[in-house]
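A short write-up of the structure that comes next.
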Amino acid sequence: MVKSNLSFSLIEIIVVIAIIAVVTSMGFANFHRQQSDQQLKAETRKMADMISLARKKASVSDTSPCVAGLITNDKIKKYEFLIKPSTKTYEVFPECATNATPERITYTIQSNDILIITPAVESSIFFYPRLMTETTTMTVNIKNNVTNRCCQIDINAAGVIKEIPCAECPAL
Numbered sequence: 494m495v496k497s498n499l500s501f502s503l504i505e506i507i508v509v510i511a512i513i514a515v516v517t518s519m520g521f522a523n524f525h526r527q528q529s530d531q532q533l534k535a536e537t538r539k540m541a542d543m544i545s546l547a548r549k550k551a552s553v554s555d556t557s558p559c560v561a562g563l564i565t566n567d568k569i570k571k572y573e574f575l576i577k578p579s580t581k582t583y584e585v586f587p588e589c590a591t592n593a594t595p596e597r598i599t600y601t602i603q604s605n606d607i608l609i610i611t612p613a614v615e616s617s618i619f620f621y622p623r624l625m626t627e628t629t630t631m632t633v634n635i636k637n638n639v640t641n642r643c644c645q646i647d648i649n650a651a652g653v654i655k656e657i658p659c660a661e662c663p664a665l
């Protein structure tokens, strides 16, 4: 019987399958990390957009959320961006001059992996029609627990909103 050298041995096939499995698992881990990072960036962008919305509504003195019943000539005193870390929610709403109950724009972070880590307690920043903020600054840090990465949003005294690129979370 003549042995042919054109075929693979069982050990060679097993080694190749093992190498393919290792490379594939590394790809899945990297894909999951990228997906988690994209989710964190998207949540950070949504929050920055809501802060920007409060600023824009204040700058144009948008009174539409103040109109309740017969009150049609209401004025706003300020717009508030309220962040509630314990419930992972944030809101934008005006303070109406007539003390009408305004409509609130509310958003809740749906992912269990994303947390608001600072501010640690319920906090607000106010925007006035003349584009000034009441508080000097505010920093919001959003964390993805799966990847231990954090994104940051800074609001300065002039109301300028700056997103800081995501990075590894600092040790607390």
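Just add 493 to the spot in the sequence shown (first one is 1) and you have my numbering. Ideal Cβ placement from N, Cα and C applies to all residues, glycine included.
Compare the beta carbon distance of residue i and residue j with 8 angstroms and say whether it is the shorter of the two.
i    : j    : result
D530 : R642 : yes
E615 : K581 : no
C644 : L533 : yes
R548 : G652 : yes
V639 : D606 : yes
I544 : I654 : yes
Quick one: Cα of residue i to Cα of residue j, how far?
i    : j    : result
L570 : P587 : Reading off the sequence shown, one finds Lys at residue 570, where the question assumed Leu. Whole-angstrom Cα-Cα distance: 7 angstroms.
F620 : A551 : 6 angstroms
L503 : V509 : 10 angstroms
K568 : T611 : 32 angstroms
T556 : Q527 : 41 angstroms
I507 : L499 : 17 angstroms
N592 : F524 : 50 angstroms
V553 : Y583 : 21 angstroms
M519 : A650 : 45 angstroms
V516 : F501 : 21 angstroms
T599 : M540 : 11 angstroms
Y572 : C589 : 9 angstroms
L563 : A522 : Any reading at L563 needs caution, since the residue's pLDDT is 46, under 50, leaving its predicted position unreliable; the model's value is listed next. Those two C-alpha atoms are separated by around 58 angstroms.
N637 : E505 : 42 angstroms
S579 : T594 : 24 angstroms
A511 : A613 : 47 angstroms
Assuming residue i contacts residue j (C-beta within less than 8 angstroms), just tell me the rounded distance between them.
i    : j    : result
D647 : I635 : Not confirmed; about 12 angstroms, so no contact.
F574 : I618 : 5 angstroms
E596 : P558 : 4 angstroms
Taking buried to mean at least 16 other C-beta atoms within 10 Å of its own C-beta, is residue i buried or exposed?
i    : result
V585 : buried
A664 : exposed
E676 : This structure cannot settle anything about residue 676, because the visible part of the chain is limited to 494 through 665.
E536 : buried
Suppose only complete runs of 3+ residues qualify. What are the beta strand (DSSP E) ranges in the segment 552-616, listed by chain order?
569-577, 582-589, 598-601, 607-611
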